[in-house]
Structure formats: structure tokens, C-alpha cells
Amino acid sequence: MSEIVASAAPPLPAAAEKLKFYGLWVAAAVVLLLLPRLFGSGGSLTTFSLIGISIIFSLSYNILLGQTGMLSFGHAVYYGLGGFLAIHAINIIGANKLPIPLFAVPLIGGLTGLVFAALLGWVSTQRSGTAFAMISLGVAELIASSALILRTFFGGEAGVSANRTKLLKLFGWNFGPQIQIYYLVAAWTLVAVIAMYALTRTPLGRMCNAVRDNPERVQFVGYNPHVVRYLAFCFAGLFAGIAGALAAINFEIANSAYLGAEQSGTVLFATYIGGVGFFIGPIVGAIFVTLLSLGLSDLTQVWQLYFGLIFIAVVVFAPGGITGLLMMHRPLLKAGTLLQMLPSYLIALVPTLAMIAGLVLSIETIVHYTVNPGDDSHIRAFGVGFDAASPSLWALAVVLVIGGFLVARKTWSWVGHAWNGAATLAREKGIAA
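Note that full-length UniProt numbering numbers the sequence shown so that position 81 is 81, with each residue one more than the last.
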């Protein structure tokens, strides 16, 4: 059995690969240090902090979905409990003047997530697939409803607040200004990302992949798939708790929304849109979803509807996520045939954008007459004003949707032919595409 474990571990990289590997992490640390120099406004720092928290949360979820093949609808439970324990810890530490700096509080959140994952995970991970998904949903609803009942701990609908500046100063920092919170989140994000990447390179990480792909074979060679799923579940809870604690520190409050289905849905969206098949996928998805949610909420009142449509489009047309799409083009880039795809992409993009514009017009006008029927018909969405009562606008929307769809179907078939040609040339050069 020891031979099997040894064979599951990856080979040690060569010196050049090691240099490249460590260079990437050093470069990431430098970027995190320099970001406030380039974008120093309070809004930018808050956005970066939210992105960092979302990255940790999404990567923790990908330990379940991408690494071990477990679809969870209740990952927010460990995120939320980590946040609540962190808030209570801040209040207790501040009231008793304990010599614990704020930088250590995310550890409390992480341990909370780990403990509850260990308690709830043994039963939850007995089965995988649909059974696990339903159990996770039931646990999520149980904890979310408890948050409104156990008001002493969860604070009811208002939640529990804290003052992060009352804790022990670290190098003169009281973590009041947002830039200090940004550096705290950035440091924890870097540490958590490195730790989760290291986990994927261990024998346990490899066994998680094996359980995802073929649990019967894993059991045949002497491993218990349930134990592997349980350990992955515990690690996912640990990092989710760290993310929840950082969120509580950032906002100085924890409420029932931290535990809700919306939070679990958001992390699922971010992970899948980014790409569950790649370690960097959830990072890309977290950045994309955070920026999209902040941007769309300022442009339209039904931004969540567009959010859902984007998710459906990714599931149907790009199941590998954004990262999967980019990695598809990597062989063509190496072979120098990627430029051959550019004309067909540009041609297909025009009717696709026209169809999207028609959908937006249709959605905004329908929403206006269903949600705000008594308001003025002159509305504004995505920075553009138009008259929802105009028959010409409705006609334009129909033409754009139907015409754009028909033309897009034809042009995307051209993209397929161009792809086959570029891939053939790449294979002739000895590069698999």
C-alpha cells in the first residue's frame, strides 16, 4: 500500500521548474503588495478585499467539486459559522484585553469551519453524487433556520457586530483603515492559496482525484472512498471558515446572509464559471463574479437575472469555464495558428452581440411592465435611456434576437471549420490540440 501512496505523489520538479514554480508565488506576492500603489482609492481596496475573500472561498469549494467530485449546496454553512465565531472572538478578545492580534482571528474562523465540517461531514460524505448534494442542502437549511431561532448567538436578522480596532495592535496597525484590512486579506489569501495548491499535490489530493473519477477502483486497491471524501470535506470547511472570518473582519458584522443559500449559490457560480477542472479556475471565477456583481448592480436592478443567464450560458456552451476556454487555445498559441481564428471570431461576435443587445432590451422592458407598471416608460439600463412603451423598440428587440440568433448559428459554424483547420496545422507541427 505504501507503494501506491508513493506512486500517487507527483515527481519532484527539476531545478528550472522549481525556479518557475517559486517565481510565480513571489510574483503574486509582489502584485498584491503593489496593487494599493496603483489603485489606492477606498472603493478599489474594498473591491480587492472582497476578491481575496471570494478566492479563498471558491478554492475551498473546489476541493469538494473540482478535486473530489462532490456537489455541495451548503458550503456557506462553514463560511458563515467561521464568520460568526470570528466576530464573537473579536468581541471577547477586545472586552478582556487579551494579547491576540486581529491577524490571528481568521485562524479561529478556520478552526470553527474545520470542527463543524468534521462533525457534520462524516454522515454527509457517506454517499456522493445526488445523495451528498441533498444532504448538504438539508444541513444548510437547518443551520440557516437556526440562525433566526438562536438569537443569542446569531443575533437574529440584525446579526452580530464588532469593533476590530479594539484588539492588540500589530506593528502599530489597529486595522481601522481599509488599506490595512486589504493587506491582512491579501496575506491570508496568499497563504491559503499556497496551502490549497500544496494540498492538491499531496497523495491525499491525488486520491481525491481518483475518488472523483473512479471510487470503485480506489476501494479495490485498498482505500476507503468515504474517508478520502471526509478528509477533503474537512479541509474545505477549514478554508471556508478562514474566508468567512475575513469577511466578518472586513465588514465588522456577521449575519444570517452568511449562512444562506445565496452565499452557497454564489460560490458555486464562481467556481463553475471559472472552471472546476483547473486550480486557477476558481480564482478566475472569483475575480469575474465579484467584479460582475459589483458592476451589474450599478447598471440594472435585475442584475441577478443576468448573472443566472451567464451561468446557464457557461454550463451549456463552455462547461470547462473561462479557464477551460483559455486552455483550449493554448496549443494553437504554441503552434502559431491562433491568429487564423481571429477573423472567424470577429465575424461571429457581431451577430452574437446583436442577439445579446436584443435580449437586454426585451428583459428590461418586460421587467419594467411587470415590476414597475405604473412608472414612467422612459427607463435607463446599462447607462442607456430608452422608451419601453415604444413599438419600434419592441420591434427592434425582436429583430435583434431572432436575426442575431440565425446569423450567429451560421457564423459559429464557420468558427468550427476554422478551428478544425487551425488544430490540424497544430498537430502537423507536433502539438496536440
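Just so it is clear, CB atoms sit at the ideal spot from N, CA and C, and this is done for glycine as well. Bear in mind that the values here come from a model prediction, so they are computed numbers and not experimental data.
Counting every other CB atom within 10 Å of its CB across the protein chains shown gives residue 58 a total of 16 or more, marking it as buried. Here DSSP, grouped into helix, strand and coil, assigns residue 344 to helix. Apart from the 5 residues on each side of it in sequence, residue 140 sits with its Cβ closer than 7 Å to the Cβ of 73, 74, 76, 77, 261 and 264 in its chain, given in chain order. Counting other Cβ atoms within 10 Å of its Cβ, residue 218 reaches 16 or more and is therefore classed as buried. Within 10 angstroms of the beta-carbon of residue 49 lie 16 or more other beta-carbons, which makes it buried. Cβ contact annotation for residue 52 (same chain, cutoff 7 Å, sequence separation greater than five): 185, 186 and 189, in chain order. The Cβ-Cβ distance between residue 124 and residue 240 does not fall below 8 Å. The beta-bridge partner set that DSSP reports for residue 375 is empty. Residues of the same chain with a CB within less than 6 Å of the CB of residue 69, apart from the 5 flanking positions on each side, are 212 in chain order.
Between the alpha carbons of residue 403 and residue 389 lies a gap of roughly 22 Å. Contact between the region 273-288 and the region 100-113 is absent: fewer than 3 CB-CB pairs across the two stretches fall below 8 Å. Note on residue 313: under 16 other CB atoms within 10 angstroms of its CB, so exposed under the neighbour-count rule.
For residue 205, the enclosing alpha helix (DSSP H) covers residues 203-213.
For secondary structure counted as the alpha helix (DSSP H) over 4 or more consecutive residues, the region 290-345 holds these complete runs in sequence order: 303-317, 321-328 and 330-335.
A distance below 6 Å between beta-carbons, with the five flanking residues on each side excluded, links residue 82 to the following residues of its chain, in chain order: 109, 112, 113, 241, 244 and 245. Looking only at 56, 40 and 164, the smallest Cα-Cα distance to residue 97 is reached by 164. For residue 427, no pairing in a beta bridge is given by DSSP. Distance from the CA of residue 277 to the CA of residue 318, rounded to the nearest whole angstrom, comes to 12 Å. Per the coordinates, the alpha-carbon of residue 166 lies some 17 Å from the alpha-carbon of residue 84. Inter-residue distance for residue 127 and residue 214 is about 14 Å (C-alpha atoms, whole angstroms). Counting other Cβ atoms within 10 Å of its Cβ, residue 27 stays below 16 and is therefore classed as exposed.
The C-beta of residue 325 has fewer than 16 other C-beta atoms within 10 Å across all chains shown, which makes the residue exposed. For residue 267, the enclosing alpha helix (DSSP H) covers residues 261-274.
Exposure of residue 216 is indicated by the presence of fewer than 16 other C-beta atoms within 10 angstroms of its C-beta.
Counting only runs of 3 or more residues that sit fully inside the region 93-152, no beta strand (DSSP E) segment turns up. Pairing residue 395 with residue 237 gives a Cβ-Cβ distance that is not under 8 Å. Residues 173 and 174 of the same chain have their beta carbon placed closer than 8 Å to that of residue 180, with the five preceding and five following residues left out of the count. Straight-line spacing of the CA atoms in residue 414 and residue 384 works out to 33 Å. Residue 381 has 384 as its beta-bridge partners, per DSSP. For residue 411, the CB contacts under 7 Å within the same chain, skipping 5 residues up- and downstream, are 347, 348 and 351 in chain order. Take residue 136, set aside five residues on each side of it, and the residues of its chain with a beta-carbon closer than 7 Å to its own are 72, 73, 74 and 124, in chain order. Distances from the alpha-carbon of residue 382 to those of 375, 357 and 370 put 357 closest. Taking residue 428 as reference, the option from 102, 327, 332 and 193 with the minimal CA-CA separation is 332. The beta carbons of residue 418 and residue 344 sit closer together than 8 Å.
Here residue 229 is buried, its C-beta having at least 16 other C-beta atoms within 10 Å. As a beta-bridge residue in DSSP terms, residue 253 pairs with 161.
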